[in-house]
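Chemist:
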Amino acid sequence: MVRLLVLAALVAAPAWAEPDWEALTGEAAQVLSQYVRIDTTNPPGNELAAARFLEQVLARNGIGATVYQSAENRGNLLARLPGRGRAQPIILLHHMDVVPAAEADWSFEPLSGEISDGFVHGRGTLDDKGPGVMQLMGLLAHQRQGRACGRDLVLLAVADEEVDGVAGVRFMVERYPEQVRAAAVWNEGGASVEGIVAERPVNSIAVTEKNSLWITIVAVGEGGHGSAPSPDGAINVLTAALTRIAAWETPIHLVPAMRTLFRRLGSTMFPGGGFLMSHLDQPLLGRVAAKRVTQDRLTNGLVRNTIALTGIRGGLKHNIIPNRAEADLDVRLLPDQEPKEFLAQLQRVIDDPRVTIMPVQYMPRLQPASPAETPFFAALERALGARLPAGITVPGMLTGSSDCTAFRAVGTPCYGYSPIVGSSELLRRIHGPDERLSLANLRLGIQVTYDVLQTLCAE
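Just so you know, we're using our numbering here: the sequence shown kicks off at 24 and counts up by one.
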């Protein structure tokens, strides 16, 4: 029914000339370059300067915006393009803060915003300033054509996503709920990934995400002088525990959204593939298919709990054997997994009374997945079918975390998808060195955003 309504709206809509995509892409590249040069590394964030920059870009195009300051030098921007009010608003959401970048590991200065070789280079080009500029320019393309819209279109740029969202999306949802009430929110999350599971690009629209559990494990052992080494030193104890953890293959488990995803993908791969791929968690049926999925670290996280070693501490001096050593673990739990059960499993794997597991932070996201049967999902699926006809569009799961959680918690469907086509190598640049966005992907993102808005405005 949703798709029939979308089709009817499109038939009734008048024909319009396509925007000048080349000019829009060139303009977008300049905006993104300037945006990247604003240092919003979080911590401390300092996103207020970025919000003021976006405010100026919008003002030059005749769109007013409000900046909501949430803390010193921190703020969020909301711009509304009013519609006729026949339907609830659509929010285009992105975050302005970025993670730190170690300049020594980069080919370009991380905050240079340099445009060269068909790319915009710099921290945030993929996560999340680049997708934000795609949304901004798609909105401007719609606005410049003077098209009426049956609903308000809202651009929301927030602070603090890379830490906990307290100064960003949570601030907006809790303090200004009426301003962010919407039929759906379009956020970052999924992408169009090539060469991982199917032979065709997979357009994964995140409808749910994993839960983050941060753990510190503490090992105690025999200390002393470095001239008299002991096999029971704390660092040796910790190393043994980490070795066991690294060797542990957590069980494969499919949440409903992932069972749907793999069924759709499998049906395009070989006869009976849909059945086999949707039973990856069955030892006999899914063994071969599971091996294919888990061999890539990106898809591996879709089907099991994962553990990443992110920090080690121990030792005061070269000639002192410490009696205490610690390691930090970033655990990502599938949405329906209980942390207590996982911690008990982890303790059994370590199997050493000298090692204590200390949960540091648990960020639960127990709200239900956003439904795939909505006008927004149908509009995005249709736009991707037109712009990326070789792709397969599926509901997906974000293995990290995003600002969608704040909206899903209050019952607003939120969808994670950045119109970026690439291999797993490209996606590994997110939070990594040499982050960059191609001008081809920038153009695609503007086009997809524009197409989605045309469909939803015609309702």
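Backbone N, C-alpha and C fix where the C-beta goes; we use that ideal spot for every residue, glycine too. Since the model is a prediction, treat every value here as computed from it, not as a measurement.
Determine the extent of the beta strand (DSSP E) in which S227 is found, giving its start and end residues.
Modeler: Element bounds for S227: V225 to E232.
Chemist: Nearest-angstrom Cα distance between F298 and S290?
Modeler: If you take the alpha carbons of F298 and S290, they lie about 8 Å apart.
Chemist: Could you say which of T472, A432, G85 and L462 lies nearest to A402 if we only look at CA atoms?
Modeler: T472
Chemist: T89 bridges to which residues according to DSSP?
Modeler: L101
Chemist: Which ranges does the alpha helix (DSSP H) cover as unbroken runs of at least 4 residues, wholly within the stretch 277-327, from first to last along the chain?
Modeler: 279-290, 296-300, 310-317 and 320-323
Chemist: In chain order, what residues of the same chain have a beta carbon less than 6 Å from the beta carbon of A312, not counting five sequence neighbours either side?
Modeler: L299, M300 and L303
Chemist: Restricting to Cα atoms, I'd like to know which of E272, V241, L149 and W271 is closest to N259.
Modeler: When only C-alpha atoms are compared, the closest one is V241.
Chemist: First and last residue of the alpha helix (DSSP H) that includes H165?
Modeler: K152 to R167
Chemist: Report back the beta-carbon spacing between Y385 and P418 to the nearest angstrom; my notes put them in contact at under 8 Å.
Modeler: Contact flag wrong, Cβ pair sits at about 25 Å.
Chemist: So what does DSSP say about T266, is it helix, strand or coil?
Modeler: helix
Chemist: Are N328 and L357 touching if we call contact CB-CB under 9 Å?
Modeler: yes
Chemist: If the criterion is Cβ atoms closer than 9 Å, does the pair D197 and M119 meet it?
Modeler: According to the sequence provided, residue 197 is Glu. The question's Asp does not apply to it. When the beta-carbon positions are compared, E197 and M119 stay at least 9 Å from each other.
Chemist: For D353, does the three-state DSSP call read helix, strand or coil?
Modeler: strand
Chemist: Got a sec, what are the start and stop residues for the beta strand (DSSP E) A180 sits in?
Modeler: DSSP places A180 inside the beta strand (DSSP E), whose first and last residues are L176 to V181.
Chemist: So, is V316 buried or exposed, given that buried needs 16 or more other C-beta atoms within 10 angstroms?
Modeler: buried
Chemist: Going by the CB atoms, is the gap between G218 and S447 shorter than 9 Å?
Modeler: yes
Chemist: Determine the direct distance from the alpha carbon of G247 to that of L77, and round the result to whole angstroms.
Modeler: Each residue's Cα considered, the two are about 58 Å apart.
Chemist: I'd like the span of the beta strand (DSSP E) that includes F142, first residue to last.
Modeler: F142 to H144
Chemist: Give me the Cα-Cα distance between G68 and T266, rounded to the nearest whole angstrom.
Modeler: Taking the straight line from one Cα to the other gives about 36 Å.
Chemist: Alpha carbon to alpha carbon, what distance is there between A481 and G108?
Modeler: 12 Å
Chemist: If you pair each beta-carbon of the stretch 127-146 with each one of the stretch 448-458, do three or more pairs fall below 8 Å?
Modeler: With a cut-off of 8 Å, the stretch 448-458 and the stretch 127-146 count as touching, because enough Cβ pairs lie within range.
Chemist: I believe W271 touches D353 by the beta-carbon criterion, under 8 Å. Please report the beta-carbon distance rounded to the nearest angstrom.
Modeler: The C-beta separation of W271 from D353 comes to about 15 Å, leaving the pair out of contact by the 8 Å criterion.
Chemist: For A409, tell me which candidate among V186, I335 and P442 has the shortest Cα-Cα distance.
Modeler: Of V186, I335 and P442, the residue nearest in Cα terms is P442.
Chemist: Taking the straight line between their C-alpha atoms, what separation do you get for G161 and L178?
Modeler: 11 Å
Chemist: If you compare alpha carbons, which of L369, Q111, P306 and L163 is closest to A264?
Modeler: Distance check between A264 and each of L369, Q111, P306 and L163 places L369 closest, using alpha-carbon atoms only.
Chemist: With respect to the alpha helix (DSSP H) encompassing W44, which residues constitute its N-terminal and C-terminal limits?
Modeler: W44 to R60
Chemist: Rounded to whole angstroms, how far is the Cβ of P252 from the Cβ of I344, which I believe are closer than 8 Å?
Modeler: 7 Å
Chemist: Helix or strand or just coil, what does DSSP make of M386?
Modeler: Reduced to three states, the DSSP call for M386 is strand.
Chemist: Looking only at C-alpha atoms, which of E201, S461, H276 and G169 sits nearest to P42?
Modeler: G169
Chemist: Using a Cβ-Cβ cut-off of 7 Å (strictly less than) and excluding sequence neighbours within five positions of E126, which residues of its own chain qualify?
Modeler: E132 and P133
Chemist: Please state the DSSP three-state secondary structure of P391.
Modeler: coil
Chemist: Out of A269, L81, F293 and H341, point me to the one whose CA is closest to L332's CA.
Modeler: A269
Chemist: State buried or exposed for V216, treating a residue as buried only when at least 16 other CB atoms are found within 10 Å of its CB.
Modeler: buried
Chemist: By how many angstroms is the C-alpha of P382 removed from the C-alpha of R355?
Modeler: Put simply, the backbone Cα of R355 is about 13 Å away from that of P382.
Chemist: Where does H165 land, buried or exposed, given buried means 16+ other C-beta within 10 angstroms?
Modeler: Buried is the call here.
Chemist: Strictly by DSSP, which residues pair up with V378?
Modeler: A242
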